[in-house]
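Have a look at the structure below before the remarks.
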Amino acid sequence: MLLHIPGLFSREEVVRIRVALEQAEWADGKITAGFQSAKAKHNLQLSEGHPLAVEVGTALVERLWANPLFMSAALPRKIFPPLLNCYTTGSSFDFHIDNAVRQARGNPERVRTDLSSTVFFSDPDEYDGGELEIQDTFGTRSIKLPAGDMLLYPSTSLHKVNAVTRGARYASFFWTQSLVREDSQRALLFEMDSALQQLTQDVPNHPSLIQLTGTYHNLLRRWVEV
Ligand code: NI
Numbered sequence: 121m122l123l124h125i126p127g128l129f130s131r132e133e134v135v136r137i138r139v140a141l142e143q144a145e146w147a148d149g150k151i152t153a154g155f156q157s158a159k160a161k162h163n164l165q166l167s168e169g170h171p172l173a174v175e176v177g178t179a180l181v182e183r184l185w186a187n188p189l190f191m192s193a194a195l196p197r198k199i200f201p202p203l204l205n206c207y208t209t210g211s212s213f214d215f216h217i218d219n220a221v222r223q224a225r226g227n228p229e230r231v232r233t234d235l236s237s238t239v240f241f242s243d244p245d246e247y248d249g250g251e252l253e254i255q256d257t258f259g260t261r262s263i264k265l266p267a268g269d270m271l272l273y274p275s276t277s278l279h280k281v282n283a284v285t286r287g288a289r290y291a292s293f294f295w296t297q298s299l300v301r302e303d304s305q306r307a308l309l310f311e312m313d314s315a316l317q318q319l320t321q322d323v324p325n326h327p328s329l330i331q332l333t334g335t336y337h338n339l340l341r342r343w344v345e346v
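Numbering (my numbering), first residue to last: 121 to 346.
Given below as structure tokens:
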């Protein structure tokens, strides 16, 4: 399941973050790539623990834990500290699947990568190329979102970032370990939760809501890993 989560950062916040990103010192993106994906990865990245990455990442993670759409779709258990990258003209990241397990520098805790996320900090009209292409069960999707918005997708999917041919594409990326490992199970729970929330608004006193909500939790209980 691919999900667009809008408005994690306001226009004003995006402008302020962009000024800081444009002045930052960037390193080769291969620093966090695995052996295989290093061959495909040609972009720039802020080093782990860079003050700007920590500041933006901390704000982002705080918002995610309070975002009903993310909570319902990702059912997060752990979120890897977000990283920041930049694709300038000529940069790209060819098809790959993200490493299964991630460990942030200086942190013994490991994160199984069930879900991948990209938060855009450049608007689509600021660069050409640079689409995030994801192969899923419905074929290949090509995605560019407004600055401040996020795309959530299963880490099991093959994906790439097309070469940027004009301008620069700034983004944050990170991984989430979910309470529910399987994408198909998370998708089913998300659909059920969305329908329940709609029914709660439309027919708040319907007695079946109690039973359906219970069924949601009983399904979650079957699949949850804590
Ligand atoms: Ni990737």
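Where is the CB? At the ideal position from N, CA and C, for every residue including glycine. If you're wondering where the values come from, they're calculated on a predicted model, not measured in any experiment.
May I ask which residues mark the beginning and end of the alpha helix (DSSP H) holding residue i?
i, result
"D234", "Where D234 is concerned, there is no enclosing alpha helix (DSSP H), given that its DSSP letter is neither H nor E."
"F155", "155 to 158"
"W343", "328 to 343"
"L195", "No alpha helix (DSSP H) contains L195, which DSSP labels as neither H nor E."
"V134", "131 to 143"
Just the C-alpha distance for residue i and residue j, rounded to the nearest angstrom, thanks.
i, j, result
"T285", "F213", "13 Å"
"G226", "V281", "29 Å"
"S130", "E182", "15 Å"
"F310", "V346", "18 Å"
"R261", "L278", "11 Å"
"H337", "P327", "17 Å"
"R341", "Y273", "23 Å"
"R136", "P244", "18 Å"
"A179", "F240", "15 Å"
"W343", "V300", "6 Å"
"L166", "A186", "26 Å"
Can you name the start and end residues of the beta strand (DSSP E) that residue i belongs to?
i, result
"P274", "270 to 274"
"W185", "Counting along the chain, W185 falls outside any beta strand (DSSP E), though it belongs to the alpha helix (DSSP H) covering 171 to 185."
"V281", "279 to 281"
"T285", "284 to 287"
"T260", "259 to 263"
"G127", "Taken as a continuous stretch (DSSP letters only), G127 belongs to no beta strand (DSSP E), as it is neither H nor E."
"L252", "252 to 256"
"G249", "247 to 249"
Might you give, ordered along the chain, the residues of its own chain that have their beta carbon closer than 8 Å to the beta carbon of residue i, omitting 5 neighbours on each side?
i, result
"V221", "R230, V231, R232, T233"
"S314", "S192"
For ligand 3, I want to know if residue i counts as a neighbour, meaning its beta carbon is within less than 6 Å of at least one of the ligand's heavy atoms.
i, result
"D218", "This structure lacks ligand 3; the ligands present are ligand 1."
Can you list, in chain order, the residues of its chain whose CB lies under 7 Å from that of residue i, leaving out five sequence neighbours each side?
i, result
"S298", "A194, L195, P196, R197, D234, L235, R306"
"E246", "G287"
Note down, in chain order, each residue of its chain lying with its Cβ closer than 6 Å to the Cβ of residue i, except the 5 sequence neighbours on either side.
i, result
"F215", "L278, K280"
"A158", "K150"
"S211", "H162, N163, V284"
Quick check: the segment 156 to 174 against the segment 227 to 236, are at least 3 beta-carbon pairs closer than 8 Å? no
Would you say the segment 267 to 274 touches the segment 123 to 141, given that touching needs at least three Cβ pairs under 8 Å? yes
Flag this pair as touching only if the segment 289 to 296 and the segment 151 to 159 have three or more C-beta atom pairs under 8 Å; answer yes or no. no
Count Cβ pairs between the segment 137 to 152 and the segment 204 to 224 that sit closer than 8 Å; are there 3 or more? yes
At what residue ranges does the segment 198 to 230 contain a whole run of the beta strand (DSSP E), taking only runs of 3 or more? 203 to 207, 212 to 216, 221 to 223
Mind listing, in chain order, the continuous alpha helix (DSSP H) runs of no fewer than 4 residues lying wholly within the segment 298 to 326? 303 to 322
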